[in-house]
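There are 2 protein chains.
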Amino acid sequence: MNDLNWDFYRTFLAVLRTGSLSAAARDLGLTQPTVGRHIDALEQAVGYQLFTRSQQGLLPTEPALALQPYAETLAATTAAMQRVASGEFGEVKGTVRISASDVIGCEVLPPILAALQDKYPGLAIELSLSDAVEDLLRREADIAVRMTNPAQDALVARHIGQIPLGFYAHRRYLERYGEPREPEELAHHRLIGFDRRTAFIRATTARIRADLPAFPDLENIRWALRTDSNLAQLAAIRSGVGIGICQAGIARRDPELVRVLPGAFELSLDTWVAMHENLKNAPRWRVTFNALVKGLLDYVRAT
Amino acid sequence: MNDLNWDFYRTFLAVLRTGSLSAAARDLGLTQPTVGRHIDALEQAVGYQLFTRSQQGLLPTEPALALQPYAETLAATTAAMQRVASGEFGEVKGTVRISASDVIGCEVLPPILAALQDKYPGLAIELSLSDAVEDLLRREADIAVRMTNPAQDALVARHIGQIPLGFYAHRRYLERYGEPREPEELAHHRLIGFDRRTAFIRATTARIRADLPAFPDLENIRWALRTDSNLAQLAAIRSGVGIGICQAGIARRDPELVRVLPGAFELSLDTWVAMHENLKNAPRWRVTFNALVKGLLDYVRAT
DNA sequence: TATCATCCATACAAAAATGAATGATTTGAA
DNA sequence: TTCAAATCATTCATTTTTGTATGGATGATA
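The listed protein sequences derive, respectively, from chains A and B. Quick note on numbering: my numbering labels position 58 of the first sequence as 72, and the sequence is numbered without any gaps. Quick note on numbering: my numbering labels position 137 of the second sequence as 151, and the sequence is numbered without any gaps.
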């Protein structure tokens, strides 16, 4: 089962992702028979079925699903390799892929990146926004803005500092429903919270419990709006849906947003910028990294 | 520069590793013209030279070296993928790749692995011994025995406990040169130490400084033997070269080895077994992981 | 129910990749 | 110095891979 053409793995991944030979062929710029032959070759090599064929497409078998993460890693690595390979060496030119949370990416990074690209017109930025922080070691991104200390050895990390959080609501909402003066009163307000439980959210709620014992029990709150998108939460706060958590630096830009229970809530996000150390000497990444560090430091200091 | 055949990267890596088209062709089971064409295609795709050709072989250019780590990751991932793909699912059969330090791999693991393979004859073990711990996330190994807490999220880790270290010497050596009674006396003995400075060694020496202030300044010691191989240090201790550091569990197996300065030196290695969480449900890795945990726990408890 | 879009499988022709063979050049050893 | 053993480059025939065209089957839609 050795000595398989590595390109077959790319075909394999495309079929997994699209669910059909034809769709994979379209994605890859190949034809459906070719893709089918690649899968045949893989199945023959491993000795068992990877997909159950049907007229509606191909359904992956258990072992095929077990192989998928590896194929994804291959795709991420080749993509990273192409980013490194493209563009001149010694010039700030080519593509840099940045991973950050959606709020940071939409509210904080744009002006930083605009200034950077103004200075280096040849620089292209790919911005991947998700809370599931993409892994730098697996080359899913070149540079990441993180809210946890990136302890891995092969990373260059710069500590930015604490981004303070707070409860905020729109002035209109408070005029209509009143402003809570004690944490207990929050239970009678319309609150904006998270939907599913992710690792980050579990950590945050644990911190809220520790820092703010008077806060109503999270399990029993009647949420006005639940969403995992911090951006949607922010939009909801801005339109007066209710009271939610927001970064202080973002909230203070909007004079209509009012901090609720100012003293009671002292939560903040510890922030880091991290990059794989292989990239630290290549101009375009160094320049981008430094711009992010500087821009985020300014953002944190302004709060 | 997109849409390159992934197989070209394998050829690229082979040329980097071997240093010539011909040797790479032999490794890959291809012919030298084919390998040359692959490199040509890559160079055309990226737009610059990756190698300078000569009659002695191919010398990588700067950008080619920058790409090498990515190609290595690809190779490690495809290899891991093949380990996962091979063998039946549900059966304990196929290959598992383990990374450990040389001493653990030579002195502690063999009986554990022998018992495991006795039980599962279809299980093949690849043992990679190095102090530079191979990265589990990059799939350079499936399971690793580590001396640091593997903090990465995607890993399943089991804490084994403390492996005590101590100064040991052969009885013959002590009869001839005397046994030190105070740490200060070590300065007049033949000591076995490390050669280069690795991250692990820096951490260890820092701990020695903290735990054992009476220990002679490491910079000024006249070492009898310096080597980065713990195995060679062990062999040196066993042949009476001098006094060195050794795991207590290993030393006590040999009645000729005597602990020196027993009370004065309380250093130990915190030990973990770690595995990528993708593998935790697949029988052969689960079985191997459990066998390692159990075997190492027994080893630690026996000390 | 009939039609259309989508899927996979197969047969055959075109295109592309590969291998074999040879030549030219360099290095190191006899 | 000469010879053997490397190396890479080039040419041409062969093999392999790919694409085109088609058929049959399924499911959604009017």
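A virtual CB, placed ideally from N, CA and C, is assigned to each residue, including glycine. Just so you know, these numbers come straight off a predicted model, no measurement behind them.
Give the range of the beta strand (DSSP E) segment to which GLY207(A) is assigned.
Position 193 of the first sequence, counting from 1, holds the residue named residue 207(A). First-last of the beta strand (DSSP E) with GLY207(A): 205-207.
Which of helix, strand or coil does DSSP assign to ARG160(A)?
For the purposes of this step, residue 160(A) is taken as the residue at position 146 of the first sequence. Here ARG160(A) sits in strand by DSSP.
Hey, would you say ALA138(A) sits closer than 7 Å to THR109(A), going by beta carbons?
Taking the first residue of the first sequence as position 1, residue 138(A) is located at position 124. Taking the first residue of the first sequence as position 1, residue 109(A) is located at position 95. Going by C-beta atoms, ALA138(A) is nearer than 7 Å to THR109(A).
For ALA168(A), three-class secondary structure by DSSP
In the first sequence, counting from the first residue as 1, residue 168(A) sits at position 154. Coil at ALA168(A), not helix or strand.
Report yes if the CB atom of ARG273(B) is closer than 7 Å to the CB atom of TYR182(B), and no otherwise.
Start at 1 with the first residue of the second sequence, and residue 273(B) comes out as number 259. Start at 1 with the first residue of the second sequence, and residue 182(B) comes out as number 168. Here ARG273(B) is near TYR182(B), since their CB atoms are less than 7 Å apart.
Does the beta-carbon of THR66(B) have 16 or more other beta-carbons within 10 angstroms, so that it is buried, or is it exposed?
Indexing the second sequence from 1 puts residue 66(B) at position 52. Counting Cβ neighbours within 10 Å, THR66(B) comes out exposed, since fewer than 16 surround it.
Validate contact between the stretch 129-137 of chain A and the stretch 295-303 of chain A using beta carbons, cut 8 Å, 3 pairs:
yes
GLU86(B) versus LEU27(B): straight-line alpha-carbon distance, rounded:
For the purposes of this step, residue 86(B) is taken as the residue at position 72 of the second sequence. For the purposes of this step, residue 27(B) is taken as the residue at position 13 of the second sequence. Their Cα atoms are separated by approximately 7 Å.
Leaving out five residues before and five after VAL49(A) in sequence, what residues of the same chain have Cβ atoms less than 6 Å from its Cβ?
Start at 1 with the first residue of the first sequence, and residue 49(A) comes out as number 35. If we look at VAL49(A) and ignore the five residues flanking it on each side, its Cβ neighbours are THR25, LEU35, ALA38 and ALA39.
Interface flag, ASN292(B) vs chain A, CB-CB below 7 Å
Residue mapping note: residue 292(B) aligns to position 278 of the second sequence, counting from 1. Closer than 7 Å: yes.
Short CB-CB distance (under 7 Å) between PRO125(B) and chain A
Taking the first residue of the second sequence as position 1, residue 125(B) is located at position 111. Chain A contact via Cβ: absent.
Should GLU140(A) be labelled buried (16 or more other beta-carbon atoms within 10 Å of its own) or exposed?
Here residue 140(A) is taken as the residue at index 126 of the first sequence, counted from 1. Exposed is the call here.
Comparing C-alpha positions only, which one of CYS260(A), VAL60(A), ILE118(A) and HIS173(A) sits nearest to GLY180(A)?
In the first sequence, residue 180(A) corresponds to position 166, counting from 1. Considering only alpha carbons, the answer is CYS260(A).
Rank LYS294(A), ARG172(A) and GLY254(A) by C-alpha distance to the C-alpha of THR285(A) and give the top, closest one.
For the purposes of this step, residue 285(A) is taken as the residue at position 271 of the first sequence. Among LYS294(A), ARG172(A) and GLY254(A), the Cα nearest to that of THR285(A) belongs to ARG172(A).
Minimum Cβ-Cβ distance from LEU81(B) to chain A less than 7 Å
Position 67 of the second sequence, counting from 1, holds the residue named residue 81(B). Interface criterion met: the Cβ of LEU81(B) is under 7 Å from a Cβ in chain A.
Nearest neighbour of ALA278(B), chosen from ALA246(B), PRO197(B), ALA250(B) and LEU248(B) [CA to CA]
Your numbering for residue 278(B) matches position 264 in the second sequence. Its Cα nearest to that of ALA278(B), the residue PRO197(B) stands out among ALA246(B), PRO197(B), ALA250(B) and LEU248(B).
DSSP three-state label for GLU140(A), please.
The residue given as residue 140(A) occupies position 126 in the first sequence. Here GLU140(A) sits in strand by DSSP.
CB contact below 7 Å: TRP286(B) versus chain A
Within the second sequence, residue 286(B) is the residue found at index 272, counting from 1. Residue-level contact check: TRP286(B) does not touch chain A, since none of the beta carbons of chain A fall below 7 Å from its beta carbon.
Within the same chain, show all residues whose beta-carbon is closer than 6 Å to that of TYR187(A), passing over the 5 residues directly before and after it, in chain order.
Locating residue 187(A) in the first sequence gives position 173, where the first residue counts as 1. GLY254, listed in sequence order.
Could you list which residues in chain B have their beta carbon closer than 7 Å to that of LEU283(A), in chain order?
Against the first sequence, residue 283(A) aligns to sequence position 269. Residues of chain B with a Cβ closer than 7 Å to the Cβ of LEU283(A) do not exist; the shortest Cβ-Cβ separation is about 18 Å.
Verify the CB distance criterion: does VAL159(B) have a CB-CB separation below 7 Å to chain A?
Numbered from its first residue, the second sequence carries residue 159(B) at position 145. No Cβ of chain A is located within less than 7 Å of the beta carbon of VAL159(B).
Which bits of chain B does THR92(A) rub up against, with CB to CB less than 9 Å?
Within the first sequence, residue 92(A) is the residue found at index 78, counting from 1. Per Cβ cutoff of 9 Å: LEU18, TRP20, TYR23, TYR84 and LEU88.
Need the endpoints of the alpha helix (DSSP H) that ILE251(B) sits in, please.
Numbered from 1 along the second sequence, position 237 holds the residue referred to as residue 251(B). 244-252 is the span of the alpha helix (DSSP H), which, as asked, contains ILE251(B).
Determine whether the Cβ of VAL60(B) lies closer than 7 Å to any Cβ atom of chain A.
On the second sequence, residue 60(B) is found 46 positions in, with the first residue counted as 1. It does: the Cβ of VAL60(B) has a partner Cβ on chain A nearer than 7 Å.
Do ALA94(B) and VAL60(A) have their C-beta atoms closer together than 7 Å?
Taking the second sequence and counting its residues from 1, one reaches residue 94(B) at position 80. Taking the first sequence and counting its residues from 1, one reaches residue 60(A) at position 46. No, the Cβ-Cβ distance between ALA94(B) and VAL60(A) is not below 7 Å.
Mind listing the chain B neighbours of ARG204(A)? Cutoff is C-beta to C-beta under 9 Å, in chain order.
If you number the first sequence from 1, residue 204(A) lands on position 190. Chain order gives no chain B residues near ARG204(A), where near means a beta carbon separation below 9 Å; the closest approach is about 34 Å.
GLN58(A) versus ARG97(B): straight-line alpha-carbon distance, rounded:
Your numbering for residue 58(A) matches position 44 in the first sequence. Your numbering for residue 97(B) matches position 83 in the second sequence. Cα to Cα, GLN58(A) sits roughly 16 Å from ARG97(B).
According to DSSP, is TYR62(A) helix, strand or coil?
Counting from 1 along the first sequence, the entry for residue 62(A) is found at position 48. DSSP places TYR62(A) in coil when its eight states are reduced to three.
Relative to the C-alpha of ALA89(A), which residue among PRO77(A), SER115(A), TYR62(A) and PHE22(A) is closest?
Position 75 of the first sequence, counting from 1, holds the residue named residue 89(A). If we check each option's Cα against that of ALA89(A), PHE22(A) comes out closest.
Give a yes or no on whether the minimum CB-CB distance between MET95(A) and chain B is below 7 Å.
Here residue 95(A) corresponds to residue number 81 of the first sequence, with the count starting at 1. Yes, MET95(A) counts as interfacial toward chain B.
What is the rounded straight-line gap between the Cα of ALA168(B) and the Cα of PRO83(A)?
As a position in the second sequence, residue 168(B) is number 154, starting the count at 1. As a position in the first sequence, residue 83(A) is number 69, starting the count at 1. Cα-Cα distance, rounded: 12 Å.
Do GLU270(A) and ARG185(A) have their beta-carbon atoms positioned less than 7 Å apart in this structure?
Mapped onto the first sequence, residue 185(A) falls at position 171. Mapped onto the first sequence, residue 270(A) falls at position 256. Yes, these two residues count as a Cβ contact at 7 Å.
Kindly indicate which residue of GLN69(B), ARG252(B) and LEU64(B) has the alpha-carbon position closest to the one of THR75(B).
On the second sequence, residue 75(B) is found 61 positions in, with the first residue counted as 1. Among GLN69(B), ARG252(B) and LEU64(B), the Cα nearest to that of THR75(B) belongs to LEU64(B).
SER113(B), buried or exposed, once every other Cβ within 10 Å from all chains shown has been counted against 16:
Counted from its first residue, the second sequence places residue 113(B) at position 99. It counts as buried.
Look at the Cβ atom of LEU81(B), then the Cβ atom of GLY119(B), and state whether they are nearer than 7 Å.
As a first step, residue 81(B) must be located in the second sequence, where it is residue number 67. As a first step, residue 119(B) must be located in the second sequence, where it is residue number 105. In this structure, GLY119(B) does not lie closer than 7 Å to LEU81(B) by Cβ.
Measure the Cβ-Cβ separation of ILE174(A) and LEU311(A) and say whether it is below 7 Å.
Position 160 of the first sequence, counted from the first residue, corresponds to residue 174(A). Position 297 of the first sequence, counted from the first residue, corresponds to residue 311(A). Their beta carbons are under 7 Å apart, which means ILE174(A) touches LEU311(A) by this criterion.
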